[in-house]
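Okay, so here's the structure we're looking at.
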């Protein structure tokens, strides 16, 4: 009788140990979702790791939601040999990529030795709805390209790309982002679009802001810190109109020194002028 | 009936007007075609190809690539097959080796003859000469495919900013910098910066 009791106790003990061990052992991570050329036509949610080898297209009827902490990795493929990776996320429908400060969403190269232009871009083209918040986009040709739609790009980081943030013909809000170590921090063509670009750190890019063409001064850049390696603002060959960037920090408060960071009419008389009224005397300090 | 027809026409016109607001032709595609520029087997070619590549990419945002060739003939053949967009050619060499025609002694006449021949028979456009001459090869100038210039309407105007910007002494100085250890890309970029071209 006593032996039975001991045996029962031992059995319970073994079971407890086994259960505990199960709890302590790390649960295996889910295998990454592997995607080649893919079309999304209805509601889809991504989480965890997603590896893309090709073009993922979110059609007009599609809605892609990406959960905080997700890692979207693009494989380095270059079938046309132009030196720019072919993998991309192309959105005509809805893209909601909203991470958190603690759990941003990463869009990056899958290569072990990543470099700029390993993958092409997140491309929003006539997108129905596009909200990017707390994302990190790196090693792309363009971290994000936005055309012919309304979009917001907030609290995110764009680094090690050819173009950090690029847009044309949009209604856009770009705020509180850190855009650094790209060839062009922000590159845009208004083409009758408009935008509000404020409280961004646009630093350590070769060119801070590249105004390529057809901009009529309808994109307001204000309260940004813009300090670049070559030029803070450069006008493209066909940008004949003047553009204004009020109330920004340019790395210096001296007028002549600010002028030296700008490529415009002073270098090529066919270009417009860049005006920088009310330059901030010190860096813009974020309240958050 | 007339009123309905008028309303339809008005609606159509408004639709077209709205579309035209947005449907403007893009200057350059969103990644765009990469422009390929030849460097054909010499330090001078490397410097000039890099100067063109850097000028184009810096001023327009277009991606450019310098492709290496063993000699002028190989680069010319690649241009003819549309594997390239721009080469740097020399007037006397083009006249004798590519066009297989008798030499012309006078420099402006030679440039004009070669330019017209390339334009009419090869669909290639000679742009403004850089400004220096090689004793054997003649005047150097960029040569571009006609369809490339059609796709990039501002390209000729941009490249022509290099016209007459490099005389014999400047070319010799740039080549000297490469021989002293700088890369052709560094030398080309510095030259463009010094001349406020980028």
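Chains as they are written, first to last, in our numbering: chain B, 115 to 402; chain S, 260 to 457. All C-beta atoms, glycine included, are put in the ideal place defined by N, C-alpha and C.
Terminal residues of the beta strand (DSSP E) in which residue i lies
i	result
residue 401 of chain S	397-404
residue 304 of chain B	Residue 304 of chain B -> no beta strand (DSSP E), and no H or E assigned at all.
residue 324 of chain S	323-328
residue 335 of chain S	Run containing residue 335 of chain S: none in the beta strand (DSSP E); it sits in the alpha helix (DSSP H), 331-339.
residue 166 of chain B	163-166
residue 211 of chain B	208-212
residue 243 of chain B	243-247
residue 292 of chain B	292-294
residue 287 of chain B	285-289
residue 386 of chain B	Premise fails: residue 386 of chain B is in no beta strand (DSSP E) and is neither H nor E.
Range of the contiguous alpha helix (DSSP H) that encloses residue i
i	result
residue 174 of chain B	No alpha helix (DSSP H) contains residue 174 of chain B, which DSSP labels as neither H nor E.
residue 381 of chain S	Where residue 381 of chain S is concerned, there is no enclosing alpha helix (DSSP H), given that its DSSP letter is neither H nor E.
residue 450 of chain S	443-453
residue 278 of chain B	Residue 278 of chain B -> not in any alpha helix (DSSP H); beta strand (DSSP E) instead, spanning 277-282.
residue 493 of chain S	Since the first and last residues shown for chain S are 260 and 457, residue 493 of chain S lies out of range.
residue 319 of chain S	302-319
residue 413 of chain S	Run containing residue 413 of chain S: none; DSSP gives neither H nor E here.
residue 369 of chain B	369-373
C-beta contact flag for residue i and residue j at 8 Å
i	j	result
residue 384 of chain S	residue 350 of chain S	no
residue 320 of chain B	residue 343 of chain B	yes
residue 166 of chain B	residue 149 of chain B	yes
residue 282 of chain B	residue 303 of chain B	yes
residue 154 of chain B	residue 213 of chain B	no
residue 348 of chain S	residue 400 of chain S	yes
residue 365 of chain S	residue 457 of chain S	no
residue 251 of chain B	residue 257 of chain B	yes
residue 395 of chain B	residue 360 of chain B	no
residue 238 of chain B	residue 209 of chain B	yes
residue 326 of chain S	residue 295 of chain S	yes
residue 375 of chain B	residue 345 of chain B	yes
Reference residue i; option with closest CA among the options
i	options	result
residue 362 of chain S	S:299, S:345, S:306, S:395	S:395
residue 422 of chain S	S:441, S:387, S:415, S:448	S:387
residue 219 of chain B	B:191, B:205, B:181	B:181
residue 376 of chain S	S:430, S:358, S:295	S:358
residue 334 of chain S	S:371, S:402, S:397, S:313	S:402
residue 328 of chain B	B:311, B:336, B:268, B:301	B:301
residue 386 of chain B	B:352, B:188, B:263, B:162	B:352
residue 454 of chain S	S:344, S:328, S:296, S:424	S:424
residue 397 of chain S	S:413, S:369, S:306	S:369
residue 305 of chain B	B:268, B:378, B:325	B:325
residue 451 of chain S	S:429, S:331, S:392, S:293	S:429
residue 292 of chain S	S:343, S:329, S:330, S:301	S:343
Length of the line joining the Cα atoms of residue i and residue j
i	j	result
residue 324 of chain S	residue 445 of chain S	15 Å
residue 299 of chain B	residue 290 of chain B	14 Å
residue 236 of chain B	residue 303 of chain S	40 Å
residue 383 of chain B	residue 347 of chain B	16 Å
residue 280 of chain B	residue 173 of chain B	21 Å
residue 449 of chain S	residue 437 of chain S	12 Å
residue 321 of chain S	residue 277 of chain B	12 Å
residue 228 of chain B	residue 273 of chain B	12 Å
residue 475 of chain S	residue 371 of chain S	The structure shown does not extend to residue 475 of chain S, since chain S spans only 260 to 457, so no value can be given for it.
residue 288 of chain S	residue 190 of chain B	Residue confidence for residue 288 of chain S is low, a pLDDT of 41 falling below 50, so the modelled location carries little weight and cannot support an answer.
residue 381 of chain S	residue 354 of chain S	13 Å
residue 186 of chain B	residue 175 of chain B	22 Å
residue 338 of chain B	residue 311 of chain B	8 Å
residue 340 of chain B	residue 416 of chain S	31 Å
residue 299 of chain S	residue 339 of chain S	15 Å
residue 282 of chain S	residue 308 of chain B	Confidence in residue 282 of chain S is poor, its pLDDT being 38 and thus under 50, which makes the residue's placement unreliable; the coordinate value appears in the next sentence. C-alpha separation (whole angstroms): 16 Å.
residue 240 of chain B	residue 367 of chain S	52 Å
residue 314 of chain S	residue 427 of chain S	21 Å
residue 332 of chain B	residue 412 of chain S	26 Å
residue 136 of chain B	residue 143 of chain B	Unreliable positioning characterises residue 136 of chain B in this predicted model, as indicated by a pLDDT of 44, which lies under 50. A coordinate reading is not provided.
residue 389 of chain B	residue 332 of chain S	49 Å
residue 434 of chain S	residue 306 of chain S	8 Å
residue 296 of chain B	residue 367 of chain B	24 Å
residue 170 of chain B	residue 156 of chain B	13 Å
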